[in-house]
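>
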Amino acid sequence: MSIEALQILALGIAILIAMSSIDDLAVDAWFWVREIYRAIAIRPRHPPLPHSALLEKPEQRLAIVIPAWREQDVIAAMIENTISTANYNDYLIFVGTYPNDAATIAEVERARRRHRRVVRVETPHPGPTNKADCLNAILEAVFAEEAASGRPFAGVALHDPEDVVHPLELKFFNYLLPRKDLIQLPVVSMGRRLRDLVAGAYMDEFAEWHAKELVVRESFAHAVPSAGVGVCFSRAAIETLRTDGDVFNTRTLTEDYDIAARLAKAGKVSIIARYPVEFRIRRPAFFGLGRAGAATLRMPLCVREYFPNTFRAAYRQKARWTIGVALQGWAQLGWSRSMRVNYFLLRDRKALITPVLVMLAYLVVLTFLALALIYGPGRIAFPETWRTLAAWVVGFDLVALGLRVVQRMYFVNRLYGWAHAIASAPRMVVASVLNFAATARALRIFGAYLITRKPIAWGKASHAFPTSDTLTLDRRRLGEILMSWEAVSEAHLKDALREQRQSQRPLGRILLSHGWLDEETLAEAVAIQAELPRAAVAPEVVAQHRGVLPGGLCVRIAAAPIGRTASGAPILAVARPLSNEHRAEVIRATGYRPVERIVRESEIAVGLRTVSRAGWPEGQESPPLLGDILIESGGVSQTDFDAALAEYEPERDGRIGEHLLRSGVVTDVALAAAIFAQSRWGRGSGLRP
């Protein structure tokens, strides 16, 4: 190719990139003008909805549907995490499996045996078909369950087997239903290491896309494309889609995109939700230097997951998205009557062109640099007639690129910190190569489909689910809440944390034992930290509901029964949220996930004595429990006490002190001292008379 032909090619590419950049800048302008207006005129007059509003609204019945093909590595962990953290009671989880996927079936069956709210649905066709086909089979099971129970579902939430579901997600959906028909939560990547370039490219793109692009689509075109996860459809939306037969379109690989377009055409209300919550996240060390850190972020309620971290898995997944959105979407949906909607359809479909333009631009720039080194800069200079135009176009492209980089860094920094924000600039090159490879694969596969008419199968990627040490609580730490209230001094908190690391005792109990905090403040802080409502324990109420939970189990988990929900789930008073293990014990004993209410530490002692039929004279201060005295005095470690208590059955083992002595975790002297200390409060020497 001659120098002149290369210059013409370069100028043509620069002009096309400039046209695409104008489109991007228009979206940017709309977003930032809207943000400034809302910051000045809207947010001061309309503060964020308090969590209490979500918690107070009566629960509607919800269904979570999860299509699973070869997801044996993650599906059980995802179900367990969702059930153990969801702050909701009236819901079922429907998991679709294929008859020729025995490994996934085994994992789902194991979860179903543990949790009554899990329903396994077997698809009528062997896999892999496509996600829409699996979802349609699941929805038929949802409709059948409605008919059998006589209780309709108010909403259907879609998730993938690798999703990490926020505890407030179902409460949030419940609050917006049935006013909204499609509620899409932002989808956010779990944090990755700085050297994970492929997964990092996903982090960067989703951080900007779900914080800016979807917000503009909702406000400008009044239509939000579904991400297929973290999305809830109202019952009315499901019925609207069901009138055409199957709810989901099996002729597309991106049924989520298709369904959102159909709902928009039907005039249904769709939103991208931006409800602020607090996440506790881990931040990796900067390029492996120094120590990893942690931070509390106030960010939108979202769904988190691990995206692929290998080039092959990533470009194959992106190719599937390109086929469904740009190619099948174009072929099946065509264009809209609304020019605003068409504008964003055009943005989606230009994804077939822009990756090719970007790669050509890289090649042209590298070619010019090589020629400049070989022949000198003068040889590649543009002719005088084109020089001004080329300078303006290239200058505009560079400014637009600079704005792209700055905005990408801004959105990445909000979620992942400044180290990842800096890394997002070079990762844009990685994203460009990925998108080009995905576009090439998409065009090849779709071209083969046009020739053979053979259906395109579900080309899913392998997934990973966060381990327990990676999946941190998405809420503030207790100490941070107490410090913000000025309820405890920084020095006392540091001392308590130091003691906690040595003894493994609960932080709140340490603060109480030293007199650095009162019970009422601790209970309020725990309730806010755990996002659970408060309650009170009356002995007569506990006595009335003594049969809700076995007495031995109440003692082991330090929970007092105070009622049942309409569905039969036990309502338990606790001084701190139950652990996953204790919650699982309650589910095994009752068949229901417990509803937890936070009370003061002393109220738990009253409740447990009532359960164990060891009352306390009215008007006298109830003494601390014997186990608490032993732990406070150092007579037994928290770990040893918990291990002994896990095997304790009051009717079989008698007094708790005797059981501890037989277990070998306390000495005669320590037990006698603890009984004497307890007797100073009045009559009694343990949980039993």
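Here the sequence shown is numbered in my numbering, starting from 636 and rising by one per residue.
All C-beta atoms in this analysis are idealised placements derived from N, C-alpha and C, irrespective of residue type, glycine included.
Using only alpha-carbon positions, find the residue among Asp-725, Phe-729, Leu-697 that is nearest to Ala-711.
Phe-729
> Assuming Val-1065 and Ala-836 are in contact, meaning their beta carbons sit under 8 Å apart, how far apart are those beta carbons, in whole angstroms?
5 Å
> Looking at C-alpha atoms only, which residue of Leu-998, Leu-876, Asp-659 is the closest neighbour of Arg-1335?
With the chain running from 636 to 1324 in the structure shown, residue 1335 is simply not present.
> Starting from Pro-1205, follow the beta strand (DSSP E) in both directions and report where the run begins and ends.
First-last of the beta strand (DSSP E) with Pro-1205: 1205-1209.
> Sort out for me which residues DSSP pairs Glu-913 with in a bridge.
BP columns for Glu-913 point to Arg-933.
> Taking only runs that begin and end inside the region 708-794, name each unbroken beta strand (DSSP E) of 3 or more residues, in chain order.
Those beta strand (DSSP E) runs which fall completely within the region 708-794 and span 3+ residues are 726-732, 753-757, 790-793.
> Considering Cα atoms alone, identify which of Leu-1147, Pro-935, Pro-1141 is closest to His-801.
Pro-935
> Is it right to say Gly-1037 is buried, meaning 16 or more other beta carbons lie within 10 angstroms of its own, or is it exposed?
exposed
> In the DSSP assignment, find the beta strand (DSSP E) that holds Gln-819 and state where it starts and stops.
817-819
> Taking the continuous beta strand (DSSP E) assigned at Ser-973, which residues delimit it?
That residue, Ser-973, is in no beta strand (DSSP E); it is neither H nor E in DSSP.
> Val-1357: buried (16+ other C-beta within 10 angstroms of its C-beta) or exposed?
Because the chain in this structure spans residues 636 to 1324, residue 1357 falls outside the shown range and cannot be described.
> According to DSSP, simplified to helix, strand and coil, what is Val-1230?
strand
> Can you give the Cα-Cα distance for His-1350 and Val-1301, rounded to whole angstroms?
The question about residue 1350 has no answer, for the chain in this structure spans 636 to 1324.
> Going by CA-CA distance only, name the one from Pro-763, Ile-907, Val-756, His-1055 that's closest to Val-833.
His-1055
> Buried or exposed: Thr-732, going by 16 or more other Cβ atoms within 10 Å of its Cβ?
buried
> Determine the burial state of His-794: buried for a count of at least 16 other Cβ atoms within 10 Å of its Cβ, exposed for fewer.
buried
> Can you name the start and end residues of the alpha helix (DSSP H) that Val-1183 belongs to?
Run containing Val-1183: none; DSSP gives neither H nor E here.
> In three-state terms, what does DSSP make of Glu-1134?
Of the three classes helix, strand and coil, the one that applies to Glu-1134 here is helix, per DSSP.
> Return helix, strand or coil for Gly-1150, following the three-state DSSP convention.
coil
> Drop a sphere of 10 angstroms on the beta-carbon of Gln-1137, count the other beta-carbons inside from all chains shown, and report buried for 16 or more, exposed for fewer.
Gln-1137 should be labelled exposed.
> What is the DSSP secondary structure of Phe-808, counted as helix, strand or coil?
helix
> So, helix, strand or coil for Leu-1108, using DSSP?
Confidence is the limiting factor: at Leu-1108 the pLDDT is only 38, short of 50, which leaves the residue's position unreliable, though a coordinate-based value still follows. The answer is coil: DSSP assigns Leu-1108 none of H, G, I, E or B.
> Can you have a look at Val-668 and say buried or exposed, based on whether 16 or more other CB atoms are within 10 angstroms of its CB?
exposed
> Between Val-1230 and the rest of its own chain, which residues show a CB-CB distance below 8 Å, the 5 nearest in sequence each way excluded?
Asn-724, Thr-1200, Ala-1204, Pro-1205, Ile-1206, Leu-1207
> Below 6 Å CB to CB, which residues in the same chain sit around Ala-1170 once its five sequence neighbours on both sides are set aside?
Ala-1208, Arg-1232, Val-1234
> What are the complete alpha helix (DSSP H) segments, minimum 4 residues, inside the region 651-697?
686-691
> Cβ atoms of Met-1044 and Ser-1067: under 8 Å apart, would you say?
no
> Using C-beta distances below 8 Å, list every residue in its chain close to Ala-872, excluding the 5 sequence neighbours before and after it, in chain order.
Asp-816, Leu-817, Leu-898, Lys-903
> Tell me whether the region 1152-1171 and the region 1112-1128 touch, counting them as touching only if at least three CB pairs, one residue from each stretch, are closer than 8 Å.
yes
> Tell me whether the beta-carbon of Leu-1113 lies closer than 8 Å to the beta-carbon of Gln-1164.
yes
> By the DSSP assignment, the alpha helix (DSSP H) with Ser-1237 in it spans what residues?
According to the DSSP assignment, Ser-1237 belongs to the alpha helix (DSSP H) that extends over 1236-1246.
> I'd like the span of the alpha helix (DSSP H) that includes Ser-1059, first residue to last.
1053-1087
> When you compare each of Phe-868, Thr-875, Glu-890 to Ser-905 by their alpha carbons, which one comes out closest?
The residue with the shortest Cα to Cα distance from Ser-905 is Phe-868.
> Using a Cβ-Cβ cut-off of 8 Å (strictly less than) and excluding sequence neighbours within five positions of Ala-852, which residues of its own chain qualify?
At residue 852 the sequence reads Arg, which differs from the Ala that was named. Within the same chain, Arg-852 has close Cβ partners Ala-858, Val-859, Pro-860, Ile-907, Phe-979.
> In terms of residue numbering, what span does the beta strand (DSSP E) encompassing Gly-1292 cover?
Careful: Gly-1292 lies outside any beta strand (DSSP E), inside the alpha helix (DSSP H) at 1291-1298.
> Below 8 Å between beta carbons: does that hold for Thr-887 and Ala-1083?
no
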